[in-house]
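Novice:
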């Protein structure tokens, strides 16, 4: 599919949004529908509550690129937020608690304290082939991988390696993942990857075709069977939350729509930089 850069014009917001939606159409005029499985979070920072989690950030990236983001998540009775209207609901499981984190910042160090989590699990056997692909991105062990959907899969390791004990700081443990022929892309930041006990070769053997390893503000590395390439961040923004979810979702979106891995990584790098610098303001307005 050919993508054309659209110039921004003052007072022509509607035209820009219309062009973005056209870019989300696959060959044959079908809209790219991507399911995001993983929990919303209630993030407490400086005594203020904020909605977060992969459904929000990955969903926003897919929406901005013209696709249709669907969510499969668990929320508790303490969930007092309105789910943004750009997210379409595939399934919401009700529980006693929502995943709730306290973010403790000390200089450059951030500690993540788990305050509560739901007891239920997201079961992927409900997922069918109406979707172009699925992003599997748990925050705290909430996804059951005993059944793997037979559609392209993007997977983030973060919630699979977290030792989730309520009232304690999040620690990491070794990852255990099933193999699957449906895997397309794996994502992790470098700290999580090194803590997971996994190697690049092991991930290929599990079935992943491409890997994205993030290095925070420095950029990320793309791995394929043909080799690896580092994509350096050239426009560092001020908003850091959710950038890994934005990266994985936008890369996956471009790959599903037929772009090659390197072109997809270049385009998704720009999506992340735009979000970190300015687009996050639109998301905050939509929440």
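Residue numbers (this note's numbering): 39 to 325. Ideal placement from N, C-alpha and C gives every residue a C-beta, glycine not left out.
To the nearest angstrom, how far is the alpha carbon of residue 112 from that of residue 133?
Specialist: Residue mapping note: residue 112 aligns to position 74 of the chain shown, counting from 1. Residue mapping note: residue 133 aligns to position 95 of the chain shown, counting from 1. Using only the alpha carbons, I get a separation of about 7 Å.
Novice: Evaluate residue 265 with the Cβ neighbour count: other Cβ atoms within 10 Å of its Cβ, from every protein chain shown; 16 or more gives buried, anything less gives exposed.
Specialist: As a working note, residue 265 is residue 227 in the chain shown. By the 10 Å Cβ count, residue 265 comes out exposed.
Novice: Going by Cα to Cα distance, which pick from 85, 185, 69 and 90 is closest to residue 278?
Specialist: Mapped onto the chain shown, residue 278 falls at position 240. Closest by alpha carbon: 90.
Novice: Would you decide whether residue 182 is buried or exposed? Buried here means 16 or more other CB atoms lie within 10 Å of its CB.
Specialist: Mapped onto the chain shown, residue 182 falls at position 144. Answer is exposed; the Cβ neighbour count stays below 16.
Novice: Thinking residue 249 and residue 241 are a contact (beta carbons under 8 Å), I'd like their distance in whole angstroms, please.
Specialist: On the chain shown, residue 249 is found 211 positions in, with the first residue counted as 1. On the chain shown, residue 241 is found 203 positions in, with the first residue counted as 1. With 8 Å as the limit, residue 249 and residue 241 qualify as a contact, their Cβ atoms being about 6 Å apart.
Novice: Whose C-alpha, out of 159, 124 and 150, is nearest the C-alpha of residue 135?
Specialist: Mapped onto the chain shown, residue 135 falls at position 97. Among 159, 124 and 150, the Cα nearest to that of residue 135 is on 159.
Novice: Provide the residue span of the alpha helix (DSSP H) that contains residue 293, from first to last.
Specialist: Walking along the chain shown from the start, residue 293 turns up at place 255. Its alpha helix (DSSP H) spans residues 281-294.
Novice: How is the beta strand (DSSP E) around residue 206 delimited, first residue to last?
Specialist: One-based indexing of the chain shown puts residue 206 at position 168. Here residue 206 belongs to no beta strand (DSSP E), and DSSP marks it neither H nor E.
Novice: So, helix, strand or coil for residue 190, using DSSP?
Specialist: Stepping through the chain shown from its first residue, residue 190 is reached at position 152. Note: residue 190 maps to coil in three-state DSSP.
Novice: Between residue 107 and residue 72, how many whole angstroms is the CB-CB distance? I'm expecting something under 8 Å.
Specialist: Taking the chain shown and counting its residues from 1, the one referred to as residue 107 is at position 69. Taking the chain shown and counting its residues from 1, the one referred to as residue 72 is at position 34. So it is a contact: roughly 6 Å between Cβ atoms.
Novice: Only counting the same chain, and skipping five residues up and downstream in sequence, which positions put a Cβ closer than 6 Å to that of residue 274?
Specialist: In the chain shown, residue 274 corresponds to position 236, counting from 1. Same-chain partners within the cutoff: 255.
Novice: Note the first and the last residue of the continuous beta strand (DSSP E) segment covering residue 240.
Specialist: The residue you call residue 240 lines up with position 202 of the chain shown. No beta strand (DSSP E) contains residue 240, which is instead part of the alpha helix (DSSP H) from 238-244.
Novice: Leaving out five residues on either side along the sequence, give the residues of the same chain with a beta carbon under 7 Å from the beta carbon of residue 217.
Specialist: Stepping through the chain shown from its first residue, residue 217 is reached at position 179. Only 244 and 245 meet the Cβ criterion.
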